[in-house]
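In the numbering used here, the protein residues as written are 254 to 627.
Below you can see the structure in the form of structure tokens.
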């Protein structure tokens, strides 16, 4: 683990410990107040604080496990454990919302009269302020260090502040109009929490399944690669995420057909080192497309193929073109957008049109995907 990763781990753990301490104190105060005032909303709020403390503990455990060094069984490391801990927190939020909703419905069916006093309401108001500050702090740190667990915990704390504030609103309505609304407010807010839990869970599962390349990171890597003299194009970038800020990838480059093996070897090594130093991405493989540069007739044939290919809608790129006169072969890759209604059908149409223009040649055309397509 390098210094940057160690600093990130310390920051996450420190923030989580602050969250645990704050939530345990808030839970204790609210539990006492809720029992004294006979307020189901405040008692549920206290239970919610305990679940938040548990979420922070899960974040700490997940971060420590994710920081384990790669081994024989998991050569890419344990970084994805952070996504699992974020998923567990999402489930806790969802469970808390469902539990709160059930208890609120019970209170609606069999209402109990709350007994508020000034001291209890002041303490709840302070708890609201603490939760707002805690939520903003935890989420901002989560965004800064790219920790989904902290971001989810921060969003959960912000929702908790809304719950606490609703108990104050319910108390005010009861004291002024002698109408108890806290069970109804509890039900409404529970639905909001359930919705938030589902969204957190959906986003985390999406990351575990594997999302498209980070567009900004992909563009930055592309620009770095094509900055090397001799690289005429960079394509087929694939990034695999093994945890927050942990990326491995591969890419293809186009180079003149005059390059020797030792020139290519040196260039590829330099590209790998520069991409890692500037973007902290390990390029495990760099493939090579050879570009015809010595035959003007072949260069003109390439232009003609490009005209045919790009005359079709939804074509994003054509690359890897190479023509051999002796073997009568043309090879190239086509990148077709996901917006195309039928990508395979469009690919077949393009190949047919190119084949019609070059009937004496056999085609080796590959349908590619732009993994950074927005």
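Backbone N, C-alpha and C fix where the C-beta goes; we use that ideal spot for every residue, glycine too.
Evaluate residue i with the Cβ neighbour count: other Cβ atoms within 10 Å of its Cβ, from every protein chain shown; 16 or more gives buried, anything less gives exposed.
i	result
residue 600	buried
residue 595	exposed
residue 392	buried
residue 462	exposed
residue 281	exposed
residue 396	exposed
residue 408	buried
residue 272	buried
residue 571	buried
residue 522	exposed
residue 556	exposed
residue 526	exposed
residue 325	exposed
residue 492	buried
residue 240	What is shown of the chain runs 254 to 627, which leaves residue 240 out entirely.
residue 432	exposed
residue 613	exposed
residue 263	exposed
residue 621	buried
residue 529	exposed
Less than 6 Å between C-beta atoms, sequence neighbours within five positions excluded: which residues of the same chain meet that for residue i?
i	result
residue 304	345, 349
residue 509	544, 546
residue 569	588, 590, 623
residue 332	319, 495, 496, 499
residue 301	349, 413
residue 573	542, 585, 586
residue 554	576
residue 619	586
residue 313	266, 269
residue 306	273, 276, 277
If you run the structure through DSSP and keep just helix, strand and coil, what is residue i?
i	result
residue 543	strand
residue 332	coil
residue 573	strand
residue 263	helix
residue 584	strand
residue 195	Here the chain covers residues 254 to 627 and nothing more, so residue 195 does not appear.
residue 306	helix
residue 287	helix
residue 621	strand
residue 615	strand
residue 605	helix
residue 610	helix
residue 378	helix
residue 538	strand
Ordered along the chain, which non-local residues of its own chain (more than five positions away) have a Cβ less than 7 Å from that of residue i?
i	result
residue 494	500
residue 341	311
residue 611	583
residue 443	350, 353, 354, 357
residue 299	280, 283, 284, 287
residue 520	481, 483
residue 404	392, 395, 396
residue 416	298, 301, 442
residue 362	none
So residue i and residue j are in contact, right, with Cβ under 8 Å, and what is the actual spacing, rounded?
i	j	result
residue 565	residue 602	7 Å
residue 447	residue 354	7 Å
residue 265	residue 398	6 Å
residue 473	residue 567	Their Cβ separation, rounded to whole angstroms, is 26 Å, which puts residue 473 and residue 567 out of contact at 8 Å.
residue 504	residue 539	6 Å
residue 438	residue 410	Actually they do not touch by this definition, with Cβ atoms about 19 Å apart.
residue 615	residue 581	6 Å
Near residue i, which residues of its chain fall below 8 Å by C-beta distance, leaving aside the five closest residues on each side in sequence?
i	result
residue 288	296
residue 454	340, 343, 344, 347
residue 561	603, 606, 607, 610
residue 458	340
residue 335	315, 316, 319, 400, 401, 402, 496, 497
residue 390	268, 271, 407
Counting contacts by CB-CB distance shorter than 9 Å, is residue i in contact with chain C?
i	result
residue 493	Considering every chain present, this structure includes no chain C. It has just one protein chain.
Checklist entry - Which runs of the alpha helix (DSSP H) spanning at least 4 residues fall entirely within the segment 315-362, listed in chain order? => result The segment 315-362 is shown to contain whole alpha helix (DSSP H) runs of 4 or more residues at 334-362, in chain order.
Checklist entry - What are the uninterrupted segments assigned as alpha helix (DSSP H) that are 4 or more residues long and contained completely in the segment 403-477, given in chain order? => result Within the segment 403-477, the runs of alpha helix (DSSP H) that reach at least 4 residues and sit entirely inside it are, in chain order, 435-462.
Checklist entry - Which ranges does the beta strand (DSSP E) cover as unbroken runs of at least 3 residues, wholly within the segment 479-506, from first to last along the chain? => result Counting only runs of 3 or more, we get 486-494.
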